[in-house]
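A short worksheet on the structure shown next.
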Amino acid sequence: MIKKSFEEINEKIKKGKAVIVTADEIIDLVAEKGIKKAAQEVDVVTTATFGPMCSSGAFLNFGHSDPPIKMSKVWLNDVPAYAGIAAVDAYIGATELSETKGMEYGGAHVIEDLIKGKNVKLHAKSYGTDCYPLKEITTFINKKNINQAFLFNPRNAYQNYAAATNSSDKTLYTYMGTLLPDYGNVTYSTSGQLSPLLNDPEYRTIGIGTRIFIGGAQGYVAWEGTQHNPEQNRGTNKVPIGAAGTLTLIGDLKQMNTNFIRAAVYEKYGISIFIGIGIPIPILDEDILEKTAIKDSQIFTNVYDYSVQSRKRPAIRSVSYEELRSGTIKLNNKKVSTAPLSSLKVAREIAQILKKQIAKGDFVLTQPVAHLPLKNKMNTLDIRGGKDE
Amino acid sequence: MNKIKICLYFPPNKVTVPLSYHLIKNFDLQLNILHADIDLAKTGKLIMDVLGEKKNIEKGLKFIEQQGIKYKIFNKTIIWQEDKCIHCGACTAVCPSGALKLGTIDCMLTFDKEECLVCELCIKSCPLNVMSVAF
Ligand code: SF4
Ligand code: SF4
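Chains X and E, in that order, are what the protein sequence lines are.
Heads up, the first sequence is in the working numbering, so the first residue is 1202 and it goes up one at a time.
Heads up, the second sequence is in the working numbering, so the first residue is 636 and it goes up one at a time.
Below you can see the structure in the form of structure tokens.
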């Protein structure tokens, strides 16, 4: 049995001797050399994804004005930000819409503009206090003249996700893209065999404190993500067959690059943001390596009918990502074309960049300070009306 | 040689008119059918590129009209700002003609103008707003 520690792997990285491959490349390597040999040779496997992740946003600290203000309402380029935290802190959520431009511009665009170094209009209101007398301010901020600016994304890097179709006679506009009537298409969103949590299905190495690539910068896994659902049904390979684990991620907005983080608008649905994430998996033993060798043909999801407007949508069929990637799948004996929503091209770029950064010693691995939970029951929200009984 | 893209609308009783035969034979036009939606009992729609001398194209269009068939010339084209594209593939979900395709190996989007029907469906379905229409 091969055993390596984080320290040993980092030592090799520092000496420039570590062997690093992407989660795509490991597949052929294992096919050629077998698990044992591959586990001996390979030290790190890089994983990546670049998809729309609505549950994202940024904390900003604007610095104090003179006279000072305790901001209670904040707008950035007319997009409301949450200001119920101290005096000059705010959280701009990616999906928040502009009050003047509606769905054309939102929190994700503010984040993108800040990353690009653009000026963003800050408008804030306050009730005024003895220590913070100013009641209103209008000014311009950019990433150079504010204090901290970091992304804090409560739910990113979904371990797996449903595929979507539409049985109704109307086009549906959803966060899964445009779904054409009468099973006109199927959309899905994953980087599959390259995806971080699909390569570490039981969270053995990705945990709280794991250093990651996020939006072009280095960041960290801060917590389990919201709706983290490790108890999702899993296949014999332990890989979930639907939405399962998630990550809360943190990263310095000022270091980010818009090649790896982009605002997005889904027609008649709203705003989202593409987040580029890369996570290295240290090959501590053969089991970890075996899991990283997973292929699209071994990862399954269910196709759901999004015209059923309920939490309990029926699954139409189970399908592998290899089939989805082929461009068409069969639904009720009809050939239906499939389309992805997340960019495999950029995900592959990220996996390569991370590989180079590790090889150069610019990115060293961190051992998680705590593991992500493997047990967690998901709650649902009952509609109980206004009386608390 | 000139080239135009047209859409023909056949009324139910005209669906069987051997139009392309006459256009090719009598006016020396080359036709490239991009999209056909023809049902004998209903109205039909045919989108095609027409290549030929300018004069012949004009004559051909007149002939089409004389047959009682309406047509529309596409004077718009779709523009893909490739440098802003992230190759997510969302537009391929709606493209009816296959003009927008994701490569099976490199997973990059390609746009084949020749195949485009100028239906404009991709414009709004692109989350990055990189498809637009030009006149
Ligand atoms: S939807 Fe837009 S960004 Fe995505 S591949 Fe198509 S053109 Fe490119
Ligand atoms: S306009 Fe867009 S969606 Fe329509 S055929 Fe052309 S490329 Fe495809």
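Don't be surprised by glycine CBs; every beta carbon is placed ideally from N, CA and C.
Treat the numbers as computed from the prediction; the structure is a model and nothing was measured.
Candidates the options: closest to residue i by CA position
i	options	result
residue 726(E)	1425(X), 1468(X), 1441(X)	1468(X)
residue 1417(X)	1485(X), 1555(X), 1295(X), 1583(X)	1555(X)
residue 672(E)	731(E), 716(E), 722(E)	731(E)
residue 1543(X)	1579(X), 1476(X), 1577(X)	1476(X)
residue 1324(X)	1312(X), 1318(X), 1340(X)	1340(X)
residue 683(E)	700(E), 655(E), 698(E), 697(E)	655(E)
residue 1535(X)	1440(X), 1557(X), 1368(X)	1368(X)
residue 1419(X)	1456(X), 1441(X), 1574(X), 1278(X)	1456(X)
residue 1533(X)	1262(X), 1298(X), 1520(X)	1520(X)
residue 1507(X)	1561(X), 1352(X), 1370(X)	1370(X)
residue 1540(X)	717(E), 762(E), 723(E)	723(E)
residue 1600(X)	1372(X), 1585(X), 1283(X), 1278(X)	Only positions 1202 to 1590 of chain X appear in the structure, and residue 1600(X) is not among them; the question remains open.
Cβ shell of residue i (< 8 Å), same chain only, five flanking positions each side left out
i	result
residue 1559(X)	1214, 1219, 1221, 1245, 1247, 1481, 1565, 1566
residue 1212(X)	none
residue 659(E)	665, 666
residue 768(E)	711, 712, 713, 714, 753, 755, 758
residue 644(E)	678, 679, 680, 704, 705, 706, 707
residue 652(E)	645, 702, 704
residue 1205(X)	1244, 1483, 1484, 1485, 1486
residue 1578(X)	1432
residue 631(E)	Here chain E comprises residues numbered 636 to 770, so residue 631(E) is not present and cannot be evaluated.
residue 1505(X)	1363, 1364, 1365, 1366, 1514, 1515, 1516, 1517
residue 1465(X)	1253, 1309, 1472, 1473, 1474, 1475
residue 1234(X)	1242
residue 1528(X)	1538, 1539
CB contact check: residue i to chain X, cutoff 8 Å
i	result
residue 765(E)	no
residue 768(E)	no
residue 722(E)	yes
residue 734(E)	no
residue 742(E)	yes
residue 697(E)	no
residue 759(E)	yes
residue 753(E)	no
residue 712(E)	no
residue 745(E)	no
residue 678(E)	no
residue 772(E)	The structure shown does not extend to residue 772(E), since chain E spans only 636 to 770, so no value can be given for it.
residue 728(E)	yes
residue 725(E)	yes
CB of residue i within 8 Å of CB of residue j, strictly
i	j	result
residue 1473(X)	residue 1376(X)	yes
residue 1548(X)	residue 1454(X)	no
residue 1147(X)	residue 1316(X)	The structure shown does not extend to residue 1147(X), since chain X spans only 1202 to 1590, so no value can be given for it.
residue 1495(X)	residue 1399(X)	yes
residue 1354(X)	residue 1321(X)	no
residue 1203(X)	residue 1249(X)	no
residue 1365(X)	residue 1388(X)	yes
residue 1489(X)	residue 1406(X)	yes
residue 1281(X)	residue 1390(X)	no
residue 685(E)	residue 639(E)	yes
residue 1462(X)	residue 1414(X)	no
residue 1491(X)	residue 1236(X)	yes
Close-in-space but distant-in-sequence residues of the same chain around residue i (CB under 6 Å, 5 per side omitted)
i	result
residue 662(E)	691, 694, 695
residue 1268(X)	1334, 1335
residue 747(E)	734
residue 1312(X)	1259
residue 770(E)	711
Nonlocal neighbours in the same chain, by C-beta distance under 7 Å from residue i, ignoring five residues either side
i	result
residue 1572(X)	1404, 1408
residue 1271(X)	1288, 1327, 1330, 1333
residue 1266(X)	1335, 1338
residue 760(E)	725, 726, 728, 729
residue 1264(X)	1289, 1347, 1348
residue 1373(X)	1367, 1380, 1507, 1508
residue 765(E)	715, 716, 719, 720
Any chain B beta carbon closer than 8 Å to residue i
i	result
residue 1556(X)	In summary, chain B is missing from the structure at hand, where the protein chains are X and E.
CB contact below 8 Å: residue i versus chain E
i	result
residue 1346(X)	no
residue 1391(X)	no
residue 1546(X)	yes
residue 1475(X)	yes
residue 1378(X)	yes
residue 1386(X)	yes
residue 1468(X)	yes
residue 1396(X)	no
residue 1368(X)	no
message: Under 8 Å: do the segment 1408-1425 of chain X and the segment 1383-1396 of chain X share three or more Cβ pairs, one atom per stretch?
response: no
message: Across the segment 1290-1305 of chain X and the segment 1438-1451 of chain X, are there enough close Cβ pairs to call them in contact, namely three or more that are closer than 8 Å?
response: no
- prompt: So, do the segment 1382-1389 of chain X and the segment 1432-1445 of chain X have three or more beta carbon pairs nearer to each other than 8 Å?
  reply: No: fewer than three Cβ pairs fall under 8 Å.
message: Contact between the segment 1498-1513 of chain X and the segment 1357-1370 of chain X is defined here as three or more beta-carbon pairs at a separation below 8 Å; is this criterion met?
response: yes
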